Amino acid sequence: MSNYKLIYRITVLTAAVFIALLVGAAIIIAVGGNVFETYWIILSMPFKNFRSLCEVFTRMIPLMIIALGICVSSRCGINNIGAEGQMHMGVVAACAVAFAVQGLPRLIAIPLCILAAALAGGAYGFVPGFLKAKLEVSELLSTVMLNYAAALFYNFCIRVPLRDPNDATGTPMSARLPDNTLLSKFFRGTSFHGGIILAILLVVVIYVLLFKTTWGYKMRAAGASARAARYGGINVPKYLIIAMVISGACAGMAGATELMGLQTRAMENITSGYGFSGIVVALFASLHPIAVIPAAFFFGILLYSQVNLQILTSVPPNLVQTIQGVIILIIVALQMIINNPYSQEKFRKRFFKNQIKDIKEA
Amino acid sequence: MGAILVNTLTFTVRFSVALLIASMGEMFNQKAGIFNLGCEGIMSMGAFLGMLIPFSVGGAGAVPGYVNILGLVVGALCGALMGLLFGLVVVTFRAPQGIAGIGMQMFGVGLAGTFFRSFIGGQQSITGIESVAIPGLSKIPVLGDILFSHNPVVYFAYLLVPLAWFVIYKTPWGMKVRAVGTFPLAADSLGIKVNRIRYQSLAVGGAMAGFAGAFLTLCQAKQFSAGIINGRGFIAVALVYFGQWHPVKILMGAILFTFAESLQRQVQMFGQAFPYEFLAMLPYILVIVVLAFNRKSNKFGPAALGKPFNREMRV
Chain A
1 MSNYKLIYRI TVLTAAVFIA LLVGAAIIIA VGGNVFETYW IILSMPFKNF
51 RSLCEVFTRM IPLMIIALGI CVSSRCGINN IGAEGQMHMG VVAACAVAFA
101 VQGLPRLIAI PLCILAAALA GGAYGFVPGF LKAKLEVSEL LSTVMLNYAA
151 ALFYNFCIRV PLRDPNDATG TPMSARLPDN TLLSKFFRGT SFHGGIILAI
201 LLVVVIYVLL FKTTWGYKMR AAGASARAAR YGGINVPKYL IIAMVISGAC
251 AGMAGATELM GLQTRAMENI TSGYGFSGIV VALFASLHPI AVIPAAFFFG
301 ILLYSQVNLQ ILTSVPPNLV QTIQGVIILI IVALQMIINN PYSQEKFRKR
351 FFKNQIKDIK EA
Chain B
1 MGAILVNTLT FTVRFSVALL IASMGEMFNQ KAGIFNLGCE GIMSMGAFLG
51 MLIPFSVGGA GAVPGYVNIL GLVVGALCGA LMGLLFGLVV VTFRAPQGIA
101 GIGMQMFGVG LAGTFFRSFI GGQQSITGIE SVAIPGLSKI PVLGDILFSH
151 NPVVYFAYLL VPLAWFVIYK TPWGMKVRAV GTFPLAADSL GIKVNRIRYQ
201 SLAVGGAMAG FAGAFLTLCQ AKQFSAGIIN GRGFIAVALV YFGQWHPVKI
251 LMGAILFTFA ESLQRQVQMF GQAFPYEFLA MLPYILVIVV LAFNRKSNKF
301 GPAALGKPFN REMRV
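In the order they appear, the protein sequences are chains A and B.
All residue numbers for the first sequence refer to the numbering used here, where the first residue is 1 and numbers rise by one.
All residue numbers for the second sequence refer to the numbering used here, where the first residue is 1 and numbers rise by one.
The following block contains the structure:
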């Protein structure tokens, strides 16, 4: 992507955020809060000290991993909104394996848990992919239904088979994971954990997969135009399924990092909406794996602000979910402007006159 | 056993209403070619308003009947507005409808949650609209309990089915809606304003979704919580597929799904041994199975479903 297109895209996305914040301001006024104070809390609290910055980083980890998976599926032309369910499945698998590998050294135990989570999430992503490719079931509906089913299955697992045997409180949750399966924290007293290594690794893997391999090329071709791809000899249903499996595996791994790095035990509401926030992050990153990093940082700030809003203001933290929804609506609405070659050209003529020569040469 | 069955059927008739109205609305959207996955969010806002209005007038106590009706109406109006907002995104800006629907869902659920926390606060209940036993008819054994001892709104909802059928198949506007959803280019060439009809159908569909949400709080749950819709909006969308875009078949679908749901609730109450989560999963799994084995029904659907109309493009 040449220089001016990137800047054009960033400009439009900034405008999207700005409009979303305006809508948010209207809502804050409606519930009787102070707009500037609220936004100041949202934007400044993460940078107040190192601990809160680490909180943002912690939230980045699952966001990034899920968003990367969604990049793959959306690039292939299938909408995966089942990340929430795939994440639940990943947590169940990682938790079950963690107790099975109790005595093993960490270097074997941790990858085994993550692998199990990836397999479980991938299998759970396979179902809607298969239904879409072979039986033409809308993936939008099947993934949503599977989300609810997975949440119920997860609740069953932490209530019966994985239940902490020594628990006296009656809360359904698993026992604390054995120490050899916990991801270590980077800094004492913060929540920032080793899952970020997996996240960064996955950024590279997904980038290479999408842009440097035949698989990635075929997936992107199938997403750009399924008919043209089929004419070109690409087995579109096969790549739909593969993309869904990769997407589900990512969501499953996100669940594993959340379990092994942060929560240390499987408890209720462990996914806390990351599955849907991941969609927003992926869209915000224009489905580009590298852009996922800054996008996840931004939404990490937004998600972390839920905690501060609860403590410091009278504005309900549900505001963050609303703003996320507005951002989705605005970004998809602005796609037409982002991808419009005519307005891109106008933007270039206006701000990048001196680049015309470079483009002609290129 | 007989009591369980009568209970199940009574609950089926009562609880199918929210699904039924929402899917009727979604049918209007889809007939015009718009796939509105934001139904869940619209229902959420409707449900919140259905709670807010009686609660702000009379708290948990009884309120005059017209206030409750006002709750339903305001819920429907808000739904229509949200439908128009969705129209702005997917009709005017021609956004991909699936993802836009998810945005709408997050927006609606989030907004309802935000307002609920600041205007109502915590768990509160309202009196809502009480059931009325129809004199005479409700005395019929078994059938009287199942069919004739409901909320007035329930009967109104069932009347919507023939009404929707009439509007879609027998009025000029319904004809236009179907044309716009089948072949917008041809409709446009005959002078039908494609985008205007789509906006109108979104407003109608949104109003019905909002009404369904308000019904949930006013007549069914009598309280609001953030998870009150709990996937009903999505099931409503799936029911439209299941019902092959025909009001009567959608009615049958709504009854079938609510029957599954009520049955599992009754079984939960009586059979303790079986983990209830698996029973609660049943309706969701049923949706997927039905969609998977109902593959042919896609051919009955509006041909232009999910495709934004661009007047400047020839195909």
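Glycine is no exception: its CB is placed at the ideal position from the N, C-alpha and C atoms.
Since this is a predicted model, take the numbers as computed values, not measurements.
Exercise. Consider the Cβ of Ser247(A): report whether some Cβ of chain B lies at a distance smaller than 8 Å.
Key: no
Practice problem: Can you pull the chain B residues whose beta carbon is under 7 Å from the beta carbon of Ile254(A), in chain order? | Solution: A small correction: the amino acid at residue 254(A) is Ala; Ile does not occupy that position in the sequence shown. Those do not exist, as Ala254(A) stays about 18 Å from chain B at its closest Cβ, beyond 7 Å.
Practice problem: For the segment 201-232 of chain B, enumerate the residues whose C-beta is nearer than 9 Å to any C-beta of chain A, in chain order. | Solution: Ala226, Asn230 and Gly231
Exercise. Quick one: grab the DSSP three-state call for Lys48(A).
Key: coil
Exercise. Report yes if the C-beta distance between Ala285(A) and Pro62(A) is below 8 Å; otherwise report no.
Key: Judged by beta-carbon spacing, Pro62(A) lies beyond the 8 Å limit of Ala285(A), meaning their Cβ atoms are not closer than that value.
Quiz prompt | In chain order, each beta strand (DSSP E) run of at least 3 residues that lies wholly inside the segment 86-173 of chain A | solution = None, since the segment 86-173 of chain A contains no complete beta strand (DSSP E) of that length.
Practice problem: Starting from Gln310(A), find everything on chain B with Cβ-Cβ shorter than 9 Å and list it in chain order. | Solution: Correct list: empty, because the minimum Cβ distance to chain B is about 10 Å.
Quiz prompt | Secondary structure of Met1(A), DSSP reduced to three states | solution = Residue placement at Met1(A) cannot be trusted, given a pLDDT of 48 that sits under 50; what the coordinates show is reported in the next sentence. Assigned with DSSP and collapsed to three states, Met1(A) falls in coil, not helix or strand.
Self-check item: Listed by chain order, chain A residues near Ser118(B) by CB distance under 9 Å
Solution: Ala30, Val31, Gly32, Gly33, Ser314, Val315 and Pro316
Quiz prompt | Pair within 8 Å by beta-carbon distance, Ile21(B) and Ala212(B) | solution = yes
Quiz item: What do you reckon, are the CB atoms on Gly25(B) and Gly205(B) nearer than 8 Å?
Solution: yes
Quiz item: Should Tyr199(B) be flagged as near chain A, meaning a C-beta pair shorter than 8 Å?
Solution: Not closer than 8 Å to any Cβ of chain A, the Cβ of Tyr199(B) fails to qualify, so no.
Exercise. From the DSSP output, in three-state form, read off Ile10(A) for me.
Key: helix
Self-check item: Minimum Cβ-Cβ distance from Gly325(A) to chain B less than 8 Å
Solution: Answer yes: the Cβ-Cβ gap between Gly325(A) and chain B drops below 8 Å somewhere.
Quiz item: Would you say the segment 112-125 of chain A touches the segment 80-90 of chain A, given that touching needs at least three Cβ pairs under 8 Å?
Solution: These segments touch.
Exercise. Measure the alpha-carbon distance for Ile196(A) versus Thr58(A) and round it to whole angstroms.
Key: 8 Å
Quiz item: If the cut is a Cβ gap below 7 Å, which residues of chain B does Asn385(A) touch?
Solution: Only positions 1 to 362 of chain A appear in the structure, and residue 385(A) is not among them; the question remains open.
Exercise. Output yes if chain A places a C-beta closer than 8 Å to the C-beta of Met269(B); else output no.
Key: no
Exercise. Have a look at Ile70(A) and Ile331(A) and give me their C-alpha separation to the nearest angstrom.
Key: 16 Å
Quiz item: Is the CB of Met145(A) under 8 Å away from at least one CB in chain B?
Solution: yes
Practice problem: Grab me the residues of Lys185(A)'s own chain with a C-beta within less than 6 Å of its C-beta, minus the 5 sequence neighbours each way, in chain order. | Solution: His193
Exercise. Spell out whether any CB of chain B is found under 8 Å from the CB atom of Met336(A).
Key: yes
Practice problem: Please state whether DSSP places Met106(B) in a helix, a strand or coil. | Solution: helix
Quiz item: Near Ala16(A), which residues of its chain fall below 7 Å by C-beta distance, leaving aside the five closest residues on each side in sequence?
Solution: Ile327, Ile330, Ile331 and Leu334
Quiz item: Taking just the CA atoms, how far does Gly38(B) sit from Leu152(A)?
Solution: 23 Å
Self-check item: Those residues which DSSP pairs with Gln223(B) across a bridge
Solution: Ser125(B)
Quiz prompt | Minimum C-alpha distance to Ile29(A) - residue among Asn340(A), Lys212(A), Arg348(A) and Thr313(A) | solution = Thr313(A)
Practice problem: List the residues of chain A whose Cβ lies closer than 7 Å to the Cβ of Ala316(B), in chain order. | Solution: Because chain B here runs from 1 to 315, residue 316(B) falls outside it and cannot be looked at.
Quiz item: If you draw a straight line from the alpha carbon of Asn298(B) to that of Tyr241(B), how long is it in whole angstroms?
Solution: 7 Å
Quiz item: How many Å lie between Ile311(A) and Gly33(A) at the Cα?
Solution: Rounded to the nearest whole angstrom, the CA to CA distance from Ile311(A) to Gly33(A) is 14 Å.
Quiz item: In chain order, what residues of the same chain have a beta carbon less than 6 Å from the beta carbon of Met1(A), not counting five sequence neighbours either side?
Solution: Confidence in Met1(A) is poor, its pLDDT being 48 and thus under 50, which makes the residue's placement unreliable; the coordinate value appears in the next sentence. Once the five neighbours on either side are set aside, Met1(A) has no close Cβ partner at all.
Self-check item: Lys185(A) (DSSP reduced to helix, strand or coil)
Solution: strand
Exercise. With DSSP as the reference, label Met267(A) as helix, strand or coil.
Key: strand
Quiz item: Do you know offhand how far Phe274(B)'s Cα is from Ser174(A)'s?
Solution: 21 Å
Exercise. Since I believe Ala149(A) is in contact with Ile65(A) (beta carbons under 8 Å), could you give me their beta-carbon distance rounded to a whole number of angstroms?
Key: With a Cβ gap of about 22 Å, Ile65(A) and Ala149(A) do not count as contacting.
Practice problem: Closer than 9 Å by beta-carbon distance: list the chain A residues that pair up with Ala95(B), in chain order. | Solution: Leu329, Ile331, Val332, Ala333, Leu334, Gln335 and Met336
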